[in-house]
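J.: Residue numbers for the sequence shown follow our numbering, beginning at 16 and rising by one.
The C-beta atom is built at its ideal place from N, Cα and C for all residues, glycine as well.
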Amino acid sequence: MNGKTVFIVEDEKDISSLIALHLRKAGFIVLEFANGNDLLNFLKKKIPDLIVLDLMLPDIDGMEICKHIKSEQVYKNIPVIILTAKAEETDKIIGLELGADDYVTKPFSPRELVVRTKNILKRYDFSQEDNIQEIGGILSIDNDRYEVYVKNKKIHLTTTEFNILKILLSKKGLVFSREKLLDLLWQGQKAVIDRTIDVHIKKLREKLGEAGNLIKNVRGIGYKIDE
Ligand code: CA
16 MNGKTVFIVE DEKDISSLIA LHLRKAGFIV LEFANGNDLL NFLKKKIPDL
66 IVLDLMLPDI DGMEICKHIK SEQVYKNIPV IILTAKAEET DKIIGLELGA
116 DDYVTKPFSP RELVVRTKNI LKRYDFSQED NIQEIGGILS IDNDRYEVYV
166 KNKKIHLTTT EFNILKILLS KKGLVFSREK LLDLLWQGQK AVIDRTIDVH
216 IKKLREKLGE AGNLIKNVRG IGYKIDE
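Here is the structure:
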């Protein structure tokens with residue numbers, strides 16, 4: 016779970032710190048929020064991998080926050096674990112009404128919360144596999160994580176190289192001229208010459224190794240990736 020980000024929304028500092036401590040020990044990056052508005056504002060800047068949400072907050076009811084998250088297209092895939100003092104509310108929490116992914120009842124064991132967090136993230140990782148594109152049986156692209164693999168070995172690409180690959184894959188078989196690629200990459204913001212693309216593609220092919228042959232040069236026109 017290294018590098019995954021968890022947001023904790025809890026006004027009780029002791030509880031928040033305790034959860035944060037345990038999650039950090041487990042390798043998570045943790046940000047703490049003492050109220051709902053701080054969370055909602057920050058979500059506009061960064062989407063976490065999971066949210067631990069207390070129901071009793073000083074400003075917005077945690078239930079409202081959960082409903083909001085689960086009803087917004089950009090947020091609804093963030094798993095939410097609810098902290099609640101009331102065990103009897105669990106049906107509501109997990110049910111359709113709130114759409115939370117799991118809950119723990121206070122007082123709870125921080126270790127158990129860490130285990131639940133890991134389990135949910137594993138489940139989500141699995142369900143997001145359909146956002147991985149596979150090409151030619153050897154190249155795969157994880158569009159959520161901006162990661163590229165050749166025969167399951169991770170390849171480190173620059174942003175430009177990754178974007179070129181994505182553009183070529185967006186319409187397989189279609190030839191993209193250098194001019195078109197430049198336009199899609201930089202929208203005319205950057206004063207670059209056509210040959211820049213050739214340099215990037217050359218590097219991209221080298222990094223992709225045997226999968227590099229999937230990128231075809233159509234002489235005098237540009238580049239494409241065939242099915
Ligand atoms: Ca609270």
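Name the DSSP beta bridge partners of S192, please?
T.: Translated into the one-based positions of the sequence shown, residue 192 becomes position 177. Note: S192 sits in a beta bridge opposite G237.
J.: How far does the beta strand (DSSP E) with L223 in it reach, from first residue to last?
T.: Within the sequence shown, numbered from 1, the residue matching residue 223 stands at position 208. Per DSSP, L223 belongs to no beta strand (DSSP E); it is in the alpha helix (DSSP H), 210-223.
J.: Determine which residues share a DSSP beta bridge with D64 and list them.
T.: The count along the sequence shown starts at 1 and reaches residue 64 at position 49. Answer is none; D64 lacks a bridge partner.
J.: Using 8 Å as the threshold, is the C-beta distance between I212 and R193 below it?
T.: Numbered from its first residue, the sequence shown carries residue 212 at position 197. Numbered from its first residue, the sequence shown carries residue 193 at position 178. Closer than 8 Å, so yes.
J.: Let me know if P73 comes out buried or exposed under the rule of 16 or more other beta-carbons within 10 Å of its beta-carbon.
T.: Within the sequence shown, the letter at position 58 stands for residue 73. When all chains shown are included, P73 counts as exposed.
J.: What's the gap between the Cα of A35 and the Cα of V67?
T.: Looking up residue 35 in the sequence shown gives position 20. Looking up residue 67 in the sequence shown gives position 52. The straight-line gap from Cα to Cα measures roughly 10 Å.
J.: Starting from L154 and walking both ways along the beta strand (DSSP E), at which residues does that stretch end?
T.: Here residue 154 corresponds to residue number 139 of the sequence shown, with the count starting at 1. L154 -> beta strand (DSSP E) spans 154-157.
J.: Is there contact here, the segment 124-142 with the segment 31-45, by at least three beta-carbon pairs under 8 Å?
T.: yes
J.: Nearer than 7 Å: is that true of the beta carbon of D26 relative to any heavy atom of ligand 1?
T.: By 1-based counting over the sequence shown, the position of residue 26 is 11. True, at least one ligand heavy atom lies under 7 Å from that Cβ.
J.: Would you report the Cα separation of P63 and E221, rounded to the nearest angstrom?
T.: Translated into positions along the sequence shown, residue 63 becomes position 48. Translated into positions along the sequence shown, residue 221 becomes position 206. Near 34 Å, if we compare the C-alpha coordinates of E221 and P63.
J.: Please classify V10 as buried or exposed, where buried requires at least 16 neighbouring CB atoms within 10 angstroms.
T.: Past the edges of the chain, shown from 16 to 242, lies residue 10, and the structure says nothing about it.
J.: Give me the DSSP bridge partner(s) of E47.
T.: Along the sequence shown, one-based indexing puts residue 47 at 32. For E47, which the question treats as bridged, DSSP gives the partners I23.
J.: Relative to the C-alpha of T185, which candidate in N158, L172, K101 has its C-alpha closest?
T.: Numbered from its first residue, the sequence shown carries residue 185 at position 170. Residue identity differs from the one stated: residue 185 is Ser in this sequence, not Thr. For the residues N158, L172, K101, the minimum Cα distance to S185 belongs to N158.
J.: In whole angstroms, give me the CA-to-CA distance for G18 and K60.
T.: On the sequence shown, position 3 is the one that residue 18 refers to. On the sequence shown, position 45 is the one that residue 60 refers to. Roughly 18 Å separates the two Cα atoms.
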